[in-house]
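Engineer: The sequence shown begins at 7 in the working numbering and counts up one residue at a time. Every residue gets a Cβ at the ideal spot worked out from N, C-alpha and C, and that includes glycine.
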Amino acid sequence: MTLIAEIFSQGAEIITGQTVDSNAAWLSQQLTELGFSLKRHTAVGDDLPDLVDLFGEIARRADCCICTGGLGPTCDDLTAAAVSAASGVPLEFDAAAFAAIQAYYARRQRTMPEANRKQALLPAGALRIDNRFGTAPGFALQFQRCWFVFLPGVPFEMKQMFGDWVRADLLQRFSLQPDHLVTLRCIGLGESAIQEKLAHLALPPGAVLGFRAAPDEVQAKLLFPAAVPEAERRRVAAEAAARIGDYVFAVDGLPDVQGDLLAVVDAALNAGRYSLAVLETASHGLLAAKCLGRPWLQHAELRLNSAAADAADDWEIRAETLARELRAERQTDFGLVQIYAIESGSFDDKDSGIVLYNALATPQGVVSRRLTAHGAGIHKQNQAALLALDLLRRYFQNSCL
Numbered sequence: 007m008t009l010i011a012e013i014f015s016q017g018a019e020i021i022t023g024q025t026v027d028s029n030a031a032w033l034s035q036q037l038t039e040l041g042f043s044l045k046r047h048t049a050v051g052d053d054l055p056d057l058v059d060l061f062g063e064i065a066r067r068a069d070c071c072i073c074t075g076g077l078g079p080t081c082d083d084l085t086a087a088a089v090s091a092a093s094g095v096p097l098e099f100d101a102a103a104f105a106a107i108q109a110y111y112a113r114r115q116r117t118m119p120e121a122n123r124k125q126a127l128l129p130a131g132a133l134r135i136d137n138r139f140g141t142a143p144g145f146a147l148q149f150q151r152c153w154f155v156f157l158p159g160v161p162f163e164m165k166q167m168f169g170d171w172v173r174a175d176l177l178q179r180f181s182l183q184p185d186h187l188v189t190l191r192c193i194g195l196g197e198s199a200i201q202e203k204l205a206h207l208a209l210p211p212g213a214v215l216g217f218r219a220a221p222d223e224v225q226a227k228l229l230f231p232a233a234v235p236e237a238e239r240r241r242v243a244a245e246a247a248a249r250i251g252d253y254v255f256a257v258d259g260l261p262d263v264q265g266d267l268l269a270v271v272d273a274a275l276n277a278g279r280y281s282l283a284v285l286e287t288a289s290h291g292l293l294a295a296k297c298l299g300r301p302w303l304q305h306a307e308l309r310l311n312s313a314a315a316d317a318a319d320d321w322e323i324r325a326e327t328l329a330r331e332l333r334a335e336r337q338t339d340f341g342l343v344q345i346y347a348i349e350s351g352s353f354d355d356k357d358s359g360i361v362l363y364n365a366l367a368t369p370q371g372v373v374s375r376r377l378t379a380h381g382a383g384i385h386k387q388n389q390a391a392l393l394a395l396d397l398l399r400r401y402f403q404n405s406c407l
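Right under this line is the structure:
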């Protein structure tokens, strides 16, 4: 049976856009991984009738709802009052909750404002959820069909309380069968092109294929029902990766997580205890910044690009020569060089493209790639850094030898 969950966020600051609701995104991921089917995210301002109406709606249609915000001491914190009005359960003073609030202030040698007493008023019969990092206790209760969990809106406090109590409670309370998500992480190929390559991929019954374009990568996401065996998930994922080709730099969820492009490169360089020297142009220092603090980055320099050469071949040869020289001069295992030519217009012009010439000097010789980047200047900068790292990744995965 599919168990339906919702996320409900309270606060005028969310409705007006003053605060980005990161809680909803984080909680949705947690509940999906547990095995719930997420149906709605809802946000309501500090209005008691609206809150009461929404609690009643959710109670009739969801099996579980995680609510954040509205548990503070001020007059606009209305969650407990709204739950009481919607469910008909009176508020009661919780002495243990109040003692915890007093102790919080005592540890900081501060006087507790009388307004904080309000935070100890919880619906009668509700399960209190202790807050080790703030003054607002959470609580949970059953209202009609739905098991409601109420947590503070402060992200750090909310996440700690979810880990301390909520996750274990949900696993005990519900019979959950989580789906299995396998993510193919790609670089250098667009979302529509990846979809085209996977157009005729045969999926097991109930499996779903989706896509997500992020600033640093494009993801092909395979969501398998819990009943699909791991061997079948691996087979389908391997076929999908083969169809996409060497644009796939990592596959997460089988069951390991390989991570982003930098994590893949970092693991390879650390495994061999290799050293790297970098010379970058189009990425304007971002390549070195992405690698900040990595022990294998021994040298990084930034040069302004020179005027365009007459022929593309001149640029490719120049990049390869610079890579050899850089590796020899810095006495590192690898020398990575990135130079570029502007097709037309200027670097910052979003309608102008640039041609990237990346070269990697290795113990076995030099490998290079000619690529293009488009969009606004900041996008070209990021793409240039990522595509340079990707040349390293391809070398270690034997895709470009």
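1. Using the C-alpha atoms, what's the distance from L392 back to A314?
2. In the DSSP output, what is W153 paired with across the bridge?
3. Over the uninterrupted beta strand (DSSP E) stretch that includes E286, give me the two end residues.
4. Kindly list the residues whose CB is nearer than 8 Å to the CB of S289, restricted to its own chain and excluding five residues on each side of it in sequence; keep chain order.
5. Tell me whether D279 sits in a helix, a strand or coil according to DSSP, three-state version.
6. May I have the straight-line CA-CA distance separating A329 from E349, to the nearest angstrom?
7. Could you tell me the distance, in whole angstroms, from the CA atom of R138 to the CA atom of R239?
8. With S28 as the anchor, note down where its alpha helix (DSSP H) starts and where it stops.
9. With DSSP as the reference, please indicate the residues paired to R441 in a beta bridge.
10. For P129, report the span of its beta strand (DSSP E) as first-last.
11. Looking at the strands, I want to know which residues DSSP matches up with H47.
12. Can you tell me whether DSSP reads I135 as helix, strand or coil?
13. Since I believe M167 is in contact with G194 (beta carbons under 8 Å), could you give me their beta-carbon distance rounded to a whole number of angstroms?
14. Report the CB separation of C70 from L176 in whole angstroms; it is logged as a contact under 8 Å.
15. Between the beta-carbon of L190 and the beta-carbon of V257, is there less than 8 Å?
16. Pick out whichever of A213, R279, A379 and A367 has its Cα sitting closest to the Cα of A347.
17. Between L147 and the ligand COA, is there a pair consisting of the residue's CB and a ligand heavy atom that are separated by less than 7 Å?
18. For L308 versus E286, is the C-beta spacing smaller than 8 Å?
19. For G359, which residues in the same chain have their Cβ closer than 6 Å to its Cβ, ignoring the five residues on either side in sequence?
20. If you run the structure through DSSP and keep just helix, strand and coil, what is I20?
21. Is it true that the CB of L133 sits closer than 8 Å to the CB of I72?
22. Can you check which of these residues, G278, R279 and D185, is closest to L9 by C-alpha distance?
23. Quick one: give me the first and last residue of the beta strand (DSSP E) that Y253 is part of.
24. Tell me, to the nearest whole angstrom, how far the beta carbon of E326 is from that of A365; I am working on the premise that it is less than 8 Å.
25. Which stretch, first to last residue, makes up the alpha helix (DSSP H) that contains K386?
26. Once you ignore the five residues that flank T74 on each side, which residues in its own chain have a CB closer than 6 Å to its CB?
27. So who's on the other strand from V188, going by DSSP bridges?
28. Buried or exposed: where does G299 fall if 16 or more other Cβ atoms within 10 Å of its Cβ makes it buried?
29. Measuring only the C-alpha atoms, how far is R376 from R324?
30. DSSP three-state call for V242: helix, strand or coil?
31. Going straight from the alpha carbon of A382 to that of S352, what length do you get?
32. Can you find the residues in the same chain that come closer than 7 Å, C-beta to C-beta, to Q150, ignoring five residues on each side of it along the sequence?
33. Below 7 Å CB to CB, which residues in the same chain sit around E322 once its five sequence neighbours on both sides are set aside?
34. Take P161 as the anchor and find which of T338, H305 and L33 has the nearest alpha-carbon.
35. Between A294 and the rest of its own chain, which residues show a CB-CB distance below 8 Å, the 5 nearest in sequence each way excluded?
36. Alpha carbon to alpha carbon, how far is A68 from L77?
Structural biologist: A quick look at the data gives this:
1. Counting from 1 along the sequence shown, the entry for residue 314 is found at position 308. Counting from 1 along the sequence shown, the entry for residue 392 is found at position 386. Below a pLDDT of 50, predicted positions are generally treated as unreliable, and A314, at 45, falls in that range; no measurement from the model is reported.
2. Within the sequence shown, numbered from 1, the residue matching residue 153 stands at position 147. C70 and Q148.
3. Working through the sequence shown from its first residue, we reach residue 286 at position 280. Looking at the DSSP string, the run of the beta strand (DSSP E) that includes E286 is L282 to E286.
4. If you number the sequence shown from 1, residue 289 lands on position 283. Closer than 8 Å at Cβ, skipping near neighbours: Q344, Q387, N388, A390, A391 and A394.
5. Working through the sequence shown from its first residue, we reach residue 279 at position 273. A small correction: the amino acid at residue 279 is Arg; Asp does not occupy that position in the sequence shown. Of the three classes helix, strand and coil, the one that applies to R279 here is coil, per DSSP.
6. Here the question's residue 329 lines up with position 323 in the sequence shown. Here the question's residue 349 lines up with position 343 in the sequence shown. When rounded, the distance between both Cα atoms is 23 Å.
7. By 1-based counting over the sequence shown, the position of residue 138 is 132. By 1-based counting over the sequence shown, the position of residue 239 is 233. The alpha-carbon atoms of R138 and R239 are separated by roughly 40 Å.
8. Counting from one through the sequence shown, the residue named residue 28 turns up at place 22. Per DSSP, S28 belongs to the alpha helix (DSSP H) from S28 to L40.
9. Residue 441 lies beyond the stretch modelled for the chain, which goes from 7 to 407, so this question has no answer here.
10. Here residue 129 refers to the residue found at position 123 of the sequence shown. From DSSP, the beta strand (DSSP E) with P129 extends over L127 to P129.
11. Translated into positions along the sequence shown, residue 47 becomes position 41. DSSP, once it has assigned bridges, lists I13 as partnering H47.
12. As a position in the sequence shown, residue 135 is number 129, starting the count at 1. Note: I135 maps to strand in three-state DSSP.
13. Position 188 of the sequence shown, counted from the first residue, corresponds to residue 194. Position 161 of the sequence shown, counted from the first residue, corresponds to residue 167. Rounded, the Cβ-Cβ distance is 41 Å, inconsistent with contact.
14. Position 64 of the sequence shown, counting from 1, holds the residue named residue 70. Position 170 of the sequence shown, counting from 1, holds the residue named residue 176. Contact between C70 and L176 holds: CB atoms are separated by about 7 Å, below the 8 Å threshold.
15. In the sequence shown, residue 190 corresponds to position 184, counting from 1. In the sequence shown, residue 257 corresponds to position 251, counting from 1. Yes, the Cβ-Cβ distance between L190 and V257 is below 8 Å.
16. Walking along the sequence shown from the start, residue 347 turns up at place 341. Cα-wise, what sits closest to A347 is A379.
17. As for the ligand COA, it is missing from this structure, which has no ligand bound.
18. Taking the first residue of the sequence shown as 1, we reach residue 308 at position 302. Taking the first residue of the sequence shown as 1, we reach residue 286 at position 280. Yes, Cβ-Cβ distance for L308 and E286 is below 8 Å.
19. The count along the sequence shown starts at 1 and reaches residue 359 at position 353. Same-chain partners within the cutoff: E349, T378 and H380.
20. Translated into positions along the sequence shown, residue 20 becomes position 14. Helix.
21. Along the sequence shown, read from residue 1 onward, the residue named residue 72 stands at position 66. Along the sequence shown, read from residue 1 onward, the residue named residue 133 stands at position 127. Going by C-beta atoms, I72 is not nearer than 8 Å to L133.
22. As a first step, residue 9 must be located in the sequence shown, where it is residue number 3. Among G278, R279 and D185, the Cα nearest to that of L9 belongs to D185.
23. Translated into the one-based positions of the sequence shown, residue 253 becomes position 247. Note, Y253: premise wrong, no beta strand (DSSP E); not H, not E.
24. On the sequence shown, position 320 is the one that residue 326 refers to. On the sequence shown, position 359 is the one that residue 365 refers to. Between A365 and E326 the Cβ distance is about 5 Å, and since that is below 8 Å, they are a contact.
25. Taking the sequence shown and counting its residues from 1, the one referred to as residue 386 is at position 380. First-last of the alpha helix (DSSP H) with K386: G383 to F402.
26. As a first step, residue 74 must be located in the sequence shown, where it is residue number 68. Within the same chain, T74 has close Cβ partners S15, N29, L157, G159 and M164.
27. Against the sequence shown, residue 188 aligns to sequence position 182. DSSP, once it has assigned bridges, lists L228 as partnering V188.
28. Here residue 299 is taken as the residue at index 293 of the sequence shown, counted from 1. With fewer than 16 other Cβ atoms within 10 Å, it is exposed.
29. Taking the sequence shown and counting its residues from 1, one reaches residue 376 at position 370. Taking the sequence shown and counting its residues from 1, one reaches residue 324 at position 318. So the alpha carbons of these two residues sit roughly 12 Å apart.
30. Mapped onto the sequence shown, residue 242 falls at position 236. The answer is helix: DSSP assigns V242 an H, G or I state.
31. Locating residue 382 in the sequence shown gives position 376, counting from the first residue. Locating residue 352 in the sequence shown gives position 346, counting from the first residue. Straight-line Cα distance between these residues: approximately 10 Å.
32. On the sequence shown, position 144 is the one that residue 150 refers to. Same-chain partners within the cutoff: A65 and R66.
33. One-based indexing of the sequence shown puts residue 322 at position 316. Closer than 7 Å at the Cβ level, and outside the excluded window around E322, lie Y363, S374 and R376.
34. Here the question's residue 161 lines up with position 155 in the sequence shown. Out of T338, H305 and L33, L33 has the C-alpha closest to the C-alpha of P161.
35. Within the sequence shown, the letter at position 288 stands for residue 294. These residues qualify, in order along the chain: V284, E286, L303, A306 and L308.
36. Counting from 1 along the sequence shown, the entry for residue 68 is found at position 62. Counting from 1 along the sequence shown, the entry for residue 77 is found at position 71. For the pair A68 and L77, the Cα-to-Cα distance works out to about 22 Å.
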